[in-house]
Amino acid sequence: MTPLAVKNPTPVEQGYADAFATLEGADQARLDAWANFAAVGLPNRRVEEWKYSDLRSALKDPDAPLSLNAIGFSPAPSDRVLLEGAPALPMPALAASMAGAADVYRLDGDAEPVWIEVNVPEGAAHHRVVDVEIAPGATAMVQETYRVEDGAFLNLAIRYHLGEGATLQRIVRQEDGGEGVAVVTANVTLNTGAKLNQTTLAFGARLARLETHLDHAGENSDAQMDGAYLLTGRRHADITTLVSHCEPDCATRQTVKGVVAQRGNGVFQGRYLVQRAAQGTDARMHHDAILLDDGAQANAKPELLIYADDVQCAHGNTVGALDEDALFYMRSRGLPEAAARALLIEAFVAAAFGNVQNDTAREQMLEAARGWLADPDTGPEAAA
Amino acid sequence: MLSIKDLHVALDGKEILKGLSLDVPAGEVHAVMGPNGAGKSTLSYVLTGREGYEPSAGDIEFEGEVINGLSPDERAAKGLFLSFQYPLELPGVPTLTFIRTAVNAQRKARGEEEISAPDFMKAAREAAKTLRMDSEMLKRSLNAGFSGGEKKRMEIFQALLLEPKFLILDETDSGLDIDALRVVAEGVESLRNENRGMLVITHYQRLLDHLSPDRVHVLAGGRIVDSGGPELARELEAAGYDKYLSEAA
């Protein structure tokens, strides 16, 4: 059966179409996944959700070989299963059509922390689907680390399903990706009383997009979704979150901090959709970015779509330069300019890590931020 | 110790200081008083090297060395300290971490050894006692959510730990109630010694009641228009600045 073609394909899209056409015995879910991808193709800036992150033009190499071993799991997943249904969004759909199966974790109350570490080598591509089921009442911690080398492409779709009263601490780190492309799409479902505590740290790449879709699917569920991006050179990082409040009395709080140097480009998109049934919603979104150089950019798109009347929703967004008054104050006490800037930036970024419950994980994120600030090659003082 | 010679400073093309000269010898406390808009805060920023406040003419000499071209942190390491009229809030920057970093940055610049954590903590406890400060205040981010009075107290706390050679107090009395003013004045007084100079920039007589300056200067229209003993401050409090304003204009 000939798969659906992408309209006016780019060489990369054609490459995927060719690869998919040679697959034998693809099941219906996989065919559907391909069809969902092919209908849209690689998202570009004419697609509203991707207008600040043009994936189609960022992906250039049609011959990137698939690297199957780029991922490391600890401990090993519980299972690997064929897809049940196809993702609707184009990038998870592409991941599903290429991967054909999902690695599944079933975490109960005694689960040890899970590490998912992906290193996509130079010029290679990696597509992966991961499913994480967290049993009712269980507490889980998952740390994801993503690294793409020059010319590499990572496309990972991860689904989290939290049972009633379950708690997830999710920590996502996208390491400096130079000229690579990383797209990680998470779909998180919270059942009644479930709690998500997510912290994302991105150092950017040619294009890095960390997207989280969150459904409050049960009453009294609670989400803290914080993040930070630290960018220099021409790196691009996009933190996109789409939160859907479908049930009453759920809460979402979000603090995202960005620091952009040189010609870096930070993107924050946050959408809260509060449906008619979601009375008693408490949803707060805050994004602040500091631009350190004239060529630095931050694009922010906060959206609140509210169809219920008894709710508290707020968003705040600031983009500005480092506070010169504060810098002078610190320098007048004897701190050299670079030290004053670093201390000020660190304090600004640290606010995004304040809700990480695990002390070690929080300290590691702070250390990574400090390392970035101090690194003459990739930090804010690096040559463009 | 601090010698300002014919200092001219313009901001946005408008001359604010128009040939200001002033000498503060070591061991003396001098007050600079003047009406609003006389250039008092400009003077404090020029002395401490704030960007945009570079003199267009004249010299600032500190201990015999012209410091016009030095950065704020270099001046701090030489021993200049400015107590800000409006101290900045630094959310996320822990108070003691900040001050210890500053102490050590200054020491490093002077080629001295860093202060050890126990020695620093001991000094911090003593300074807090002098200023009757709650130790809870020291655990918070620097000045974050502090009242105006608490911020002023924190400025003097920093001075006690940094042990500068020369203090510039810019409207340190504003925002303080009577009790806080006394405590802050005591803190400043404890820093007074024969090697240390002070310049107290103020609109009012209040702080001077506690500090009894050696000399009082009147700053109006961008220069020192009158100088005298402590009695001059009391005269100003009674008669106001009108006569200087008409002269300056």
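From first to last, the protein sequence lines are chains S and C.
For the first sequence, the residue numbers in the numbering used here are 9 to 392.
For the second sequence, the residue numbers in the numbering used here are 116 to 364.
For glycine and all other residues, C-beta sits at the position ideal for the given N, C-alpha and C.
Given the structure is predicted, the values throughout are model-derived calculations rather than measurements.
Item                                                                                                                                                                              : Value
Could you check whether R268 of chain C and V299 of chain C sit closer than 8 Å to each other, using their CB atoms as the reference points?                                      : yes
So, for A94 of chain S: in the same chain, excluding its five sequence neighbours on each side, which residues have a beta-carbon less than 7 Å away from its beta-carbon?        : A37, D40, A41, N44, A101, A104
Between the stretch 261-281 of chain C and the stretch 199-216 of chain C, do at least 3 Cβ pairs fall closer than 8 Å?                                                           : yes
Please return the same chain residues whose Cβ sits closer than 7 Å to the Cβ of L215 of chain S, not counting the five positions on each side in sequence.                       : S61, L63, A66, V189, H244
For R165 of chain C, go through chain S and note every residue whose CB falls closer than 7 Å to its CB, in chain order.                                                          : F336
How would you write the range of the alpha helix (DSSP H) that T451 of chain C sits in, first residue to last?                                                                    : Shown here, chain C extends from 116 to 364; a query on residue 451 of chain C therefore has no answer.
Just how far apart, CA to CA, sit R215 of chain C and K223 of chain C?                                                                                                            : 12 Å
Candidates S:S75, S:R114, S:L76, S:V150: which alpha carbon is nearest Q365 of chain S's?                                                                                         : S:V150
For A213 of chain S, which of S:P17, S:T386, S:Q22 has the nearest alpha-carbon?                                                                                                  : S:T386
Flag A153 of chain C as yes if its beta-carbon sits less than 8 Å from any beta-carbon of chain S, otherwise no.                                                                  : no
Quick one: what does DSSP say N363 of chain S is sitting in, helix, strand or coil?                                                                                               : coil
For P140 of chain C, which residues from the same chain have a beta carbon less than 8 Å from its beta carbon, with the 5 sequence-adjacent residues on both sides left out?      : M116, G312
Give me the chain C residues within the contact set of F356 of chain S, using Cβ-Cβ distance strictly less than 8 Å, ordered along the chain.                                     : G207
By alpha-carbon positions, which one of C:P170, C:D188, C:K358, C:A239 ends up nearest to I131 of chain C?                                                                        : C:P170
Can you tell me whether DSSP reads L347 of chain C as helix, strand or coil?                                                                                                      : helix
Check this for me: beta carbons of T393 of chain S and H323 of chain S, under 8 Å apart or not?                                                                                   : In the structure as shown, chain S begins at 9 and stops at 392. Residue 393 of chain S is therefore absent and cannot be evaluated.
Short of 8 Å Cβ to Cβ, which residues in the stretch 250-279 of chain C face chain S?                                                                                             : S256, Q273, L277
Measure the alpha-carbon distance for G186 of chain S versus G117 of chain S and round it to whole angstroms.                                                                     : 39 Å
Are the Cβ atoms of S118 of chain C and E176 of chain C separated by less than 8 Å?                                                                                               : yes
From which residue to which residue does the alpha helix (DSSP H) around G98 of chain S run?                                                                                      : Note on residue identity: the sequence assigns Pro, not Gly, to residue 98 of chain S. First-last of the alpha helix (DSSP H) with P98 of chain S: 98-107.
Closest to K203 of chain S by C-alpha separation, out of S:G241, S:A259, S:E157, S:E120, would be which residue?                                                                  : S:A259
Just the chain S side, please: which residues come within less than 7 Å of F199 of chain C by C-beta, in chain order?                                                             : Y337
Do A285 of chain S and E311 of chain S have their beta-carbon atoms positioned less than 8 Å apart in this structure?                                                             : no
Tell me, please, whether the stretch 143-162 of chain C touches the stretch 299-317 of chain S by the rule of three or more beta-carbon pairs shorter than 8 Å.                   : no
Could you tell me whether the stretch 339-348 of chain C touches the stretch 172-186 of chain C, using the rule of 3 or more Cβ pairs below 8 Å?                                  : no
Compare the C-beta of D447 of chain S against all C-beta atoms of chain C and say whether one is closer than 8 Å.                                                                 : A query on residue 447 of chain S cannot be resolved here, the shown segment of chain S reaching from 9 to 392 and no further.
Across the stretch 257-273 of chain S and the stretch 226-238 of chain S, are there enough close Cβ pairs to call them in contact, namely three or more that are closer than 8 Å? : yes
Could you list the residues in the stretch 214-230 of chain C with a C-beta less than 8 Å from some C-beta on chain S, going in chain order?                                      : I214, T216, A217, V218, A220, Q221, A224
Return yes when the Cβ of G235 of chain S is within less than 8 Å of the Cβ of L198 of chain S, no when it is not.                                                                : no
Considering only residues of the same chain and omitting the five flanking positions on each side of D318 of chain S, which have a CB-CB separation below 7 Å?                    : Q287, G288
Short check: CB of A139 of chain S to CB of V112 of chain S, under 8 Å?                                                                                                           : For the record, residue 139 of chain S in the displayed sequence is Asp; it is not Ala. Closer than 8 Å, so yes.
How would you call E152 of chain S, buried or exposed, if buried means at least 16 neighbouring beta carbons within 10 angstroms?                                                 : buried
Can you name the residues that DSSP bridges to I79 of chain S?                                                                                                                    : S:V126
In the structure shown, what three-state DSSP assignment does V137 of chain S receive?                                                                                            : strand
Anything in chain S within Cβ reach of L203 of chain C, meaning under 7 Å, just list it in chain order.                                                                           : D333, A334, Y337
Along chain C, which residues have their Cβ under 7 Å away from the Cβ of E266 of chain S?                                                                                        : Note that residue 266 of chain S is Gly in the sequence shown, not Glu. Residues of chain C passing the Cβ test: none, with the nearest at roughly 15 Å.
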